[in-house]
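One structure is given below, encoded as structure tokens.
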Amino acid sequence: MDAKTQLAQLLRAAVAQAAPQAGETEIVLERPRDAAHGDFACNVALQLGKRLRRNPRELAVAIVAALSSLPASARHPLREAEVAGPGFINLRVAPEAKLAAFARALAEGSRYGHARNDARERVQVEFVSANPTGPLHVGHGRQAALGDAIAALLQAQGHEVTREFYYNDAGAQIEKLALSVQARARAIRPGMPGWPEEGYHGEYVEEVAREYLAAAGSADDLEAVRKFAVARLRAEQDADLKAFGVRFDVYFLESSLYAQGRVAQTVAGLVASGKTYEKDGALWLRTTDYSDDKDRVVRKSDGSFTYFVPDVAYHVTKWERGFRRVVNVQGSDHHSTVTRVRAGLQALGIGIPAGYPQYVLHNLVKVVRGGEEVRISKRAGTYVTLRDLIDWAGRDAVRFFLVSRKADADFVFDVDLAREKSDENPVYYVQYAHARVCSVFAQWGGDAARMNGVDLAPLALERELSLAQRVAEFPQVLRTAAEESAPHAVAFYLRELAGEFHGYYNAERILVEDEALRDARLALCAAVRQTLANGLALLGVQAPEKM
RNA sequence: GCGCCCGUAGCUCAGCGGAUUAGAGUAUUGGCCUCCGAAGCCAAGGGUCGUGGGUUCGAAUCCCGCCGGGCGCGCCA
44 MDAKTQLAQL LRAAVAQAAP QAGETEIVLE RPRDAAHGDF ACNVALQLGK
94 RLRRNPRELA VAIVAALSSL PASARHPLRE AEVAGPGFIN LRVAPEAKLA
144 AFARALAEGS RYGHARNDAR ERVQVEFVSA NPTGPLHVGH GRQAALGDAI
194 AALLQAQGHE VTREFYYNDA GAQIEKLALS VQARARAIRP GMPGWPEEGY
244 HGEYVEEVAR EYLAAAGSAD DLEAVRKFAV ARLRAEQDAD LKAFGVRFDV
294 YFLESSLYAQ GRVAQTVAGL VASGKTYEKD GALWLRTTDY SDDKDRVVRK
344 SDGSFTYFVP DVAYHVTKWE RGFRRVVNVQ GSDHHSTVTR VRAGLQALGI
394 GIPAGYPQYV LHNLVKVVRG GEEVRISKRA GTYVTLRDLI DWAGRDAVRF
444 FLVSRKADAD FVFDVDLARE KSDENPVYYV QYAHARVCSV FAQWGGDAAR
494 MNGVDLAPLA LERELSLAQR VAEFPQVLRT AAEESAPHAV AFYLRELAGE
544 FHGYYNAERI LVEDEALRDA RLALCAAVRQ TLANGLALLG VQAPEKM
């Protein structure tokens, strides 16, 4: 148990004594901005004061008195408690309790920060899910970075996570792609007679056509063109994702839903639910019963189904495959599907909870280079690709950047900043802290892994204790980030940890003469390095030993 | 018009289940390498937290209106 949890318990007991009528109270401990306010601050007296209509400051005094009345042995790790301002309780903990975080990081190694889980769930994260009609764009890149990090965070919480990629391999978009490739194979270019309506214009279409012809295909065989193009573009997307360090466990084909009759089954289920009706020759679902703003068509008057049906059928398979928690990462331009998919699942009445699945919707990414927005990629024609970004800035910078903003914020990706391999770039700042530690160990000639068990007591400087507290926060940062599907919190945490370490490193020498102090400082370095490495790993960013 | 998201320092962004003096990076200015990596550190200046109300002892944070921006509002996917 860490110092913070212990303090929370002490406070709970003190509150029960000072204000017995308060009942169950939540104790929130925060790290104050100002170090003069102690190691932790608690506002429970302010919260309670409001609820019990008592003067918060007096209440705080009573709580502190209750704390002080405890015998010294029962007070651990509390060293000092005082009332401040309107009724804050500022707390200080004993140094050895702070230093325990280093020992824990060293003992747990690459598992530090991860939860040993009791309530293990099967969780699925669906992300990217791009149709194979062209290269992945920057939006997919953001989804890949977010989705992979969210999946990693959930794994770190002890869940069994499946990363899944869903794509349409047989719909109207694929047909357009096939026709575009076929046209190119016949030397028809966009704008010329015979070019398909709303065809794909990117240069890659011509590449695919050329490769298809070279593989001895006939331009007349549209089915063969379609298959070739889909396989070719899927392979390219996979190569890009691999270069980005992202892998999937399952690739789910929309066509399989039709092939296995799941779409028809879903329609039958909706009809059986009594939530459908016929109008204008089409079949409608009363999604307005589930807070949609209008009812939706299920079966068009021409007899075919709207995309909404396979979407629902697909999510039914997620439920049936045992995923009780599903996170879908998508661009915010898909937000209208959220209500619809959930409504469809509810209408089926098969026991799926109302908030299923969860969605993480991200805002758009604007790419800026040389102070101007970039909209055109050479290969894709109309949009900047993920591959462009990786080529310009490198995998680590792109992943770190794309994950360091909360999902629902607009994102301006500054290529010049990301490709800057110097002082301006936040990615290298964190990586540099890691490399620095490695370099100290290289200098010393010993092994960082052997620091476990070293006596930490010689660490007494303010900076050293503060670093210990920072390291102690890591598990909680991961827990919250996983709960809220917010990997950006990890990126911010790493920056702060790296910053504190750089400050310490500049102020103090690690390899000092005094052996006990030197070993303790090396242990500190090793613990910081471990924490940085664990955090970076979750974000899919390398933790280099040299740069 | 309706729905969702966003509006915090010149720029890019944290903070938003209220609370002690609003943070970071970058840019600007001034310092720090005979010593473990200067891809680093230290310091300074820079904000009526879009705006107007409301709730509260206390609001960047909660509620309402307005303004500005993005996205979505098909028997397209």
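Note that the numbering used here has the first sequence beginning at 44, numbered continuously upward. The C-beta atom is built at its ideal place from N, Cα and C for all residues, glycine as well.
Query                                                                                                                                                        : Result
What are the boundary residues of the alpha helix (DSSP H) that R275 is part of?                                                                             : L265 to A286
Output yes or no for whether 9 Å exceeds the beta carbon distance between P178 and A450.                                                                     : no
Beta-carbon separation of Y547 and G578 under 9 Å?                                                                                                           : no
Determine the direct distance from the alpha carbon of A188 to that of A221, and round the result to whole angstroms.                                        : 30 Å
Tell me whether I393 sits in a helix, a strand or coil according to DSSP, three-state version.                                                               : coil
Tell me the start and end of each unbroken alpha helix (DSSP H) in the region 136 to 216 that is at least 4 residues and wholly inside, in chain order.      : 138 to 151 and 181 to 199
For Q64, which three-state DSSP category applies?                                                                                                            : helix
Can you grab the Cα-Cα spacing for the pair W327 / E526, in whole Å?                                                                                         : 36 Å
Cβ of Q598 within 9 Å of Cβ of F366?                                                                                                                         : This structure gives no information on residue 598, because the portion of the chain shown stretches from 44 to 590.
Excluding the 5 residues flanking A566 on each side, which residues of the same chain have their C-beta closer than 7 Å to its C-beta?                       : F145, L149, M494, V497 and L499
In the DSSP output, which residue or residues are listed as bridge partners for N133?                                                                        : A84 and E125
Touching or not, the region 307 to 315 and the region 283 to 294, by the rule of three or more beta carbon pairs under 8 Å?                                  : no
Any idea if I106 is buried or exposed, counting beta-carbon neighbours within 10 angstroms, 16 or more meaning buried?                                       : buried
State yes or no: is the C-beta of Y399 within less than 9 Å of the C-beta of Y209?                                                                           : no
Helix, strand or coil for R422? Go by DSSP, reduced to three states.                                                                                         : coil
Quick check on F454: does DSSP put it in helix, strand or coil?                                                                                              : strand
Output the distance between the C-alpha atoms of V369 and T205, rounded to the nearest integer angstrom.                                                     : 9 Å
Flag this pair as yes or no: are the beta carbons of A476 and A541 separated by less than 9 Å?                                                               : yes
Let me check understanding here. Comparing Cα to Cα, which of R135, E169 and F444 lies closest to E505?                                                      : R135
For the region 305 to 336, list the beta strand (DSSP E) runs that are entirely contained and at least 3 residues long, ordered along the chain.             : 319 to 322 and 325 to 328
I think R229 touches E254, with their Cβ atoms under 8 Å apart; what is that distance to the nearest whole Å?                                                : Not a contact, Cβ separation roughly 15 Å.
Ignore the nearest five residues each way along the sequence and tell me which others in R74's own chain have a CB closer than 8 Å to its CB.                : D82, F83, A84, Q512 and E516
What is the DSSP secondary structure of V20, reduced to helix, strand or coil?                                                                               : A question about residue 20 goes unanswered here, because the residues of the chain that appear run from 44 up to 590.
Please name the residue in V571, Q519 and E203 whose C-alpha comes closest to that of R165.                                                                  : E203
Out of curiosity, what's the CA-to-CA distance linking G190 and R277?                                                                                        : 19 Å
Count the C-beta pairs between the region 335 to 352 and the region 394 to 411 that are closer than 8 Å, then say yes if the count reaches three, no if not. : no
Counting only the same chain and skipping the five closest in sequence on each side, list residues whose C-beta sits under 7 Å from that of A173.            : L179, H183, Y210 and Q280
Check H377 in the structure and name its three-state DSSP category.                                                                                          : helix
Looking at C-alpha atoms only, which residue of Q389, L95, I193 and Y243 is the closest neighbour of G425?                                                   : A quick correction: the sequence has Thr, not Gly, at residue 425. Among Q389, L95, I193 and Y243, the Cα nearest to that of T425 belongs to Y243.
Identify whether E241 lies in helix, strand or coil by the three-state DSSP scheme.                                                                          : coil
Return yes when the Cβ of A491 is within less than 9 Å of the Cβ of R572, no when it is not.                                                                 : yes
Got a sec, what are the start and stop residues for the alpha helix (DSSP H) F517 sits in?                                                                   : E505 to E526
Near V352, which residues of its chain fall below 7 Å by C-beta distance, leaving aside the five closest residues on each side in sequence?                  : V306, T309, V310 and V341
Within the continuous alpha helix (DSSP H) that includes K361, where are the two ends?                                                                       : F351 to E363
Who are Y294's beta bridge partners in DSSP?                                                                                                                 : F208
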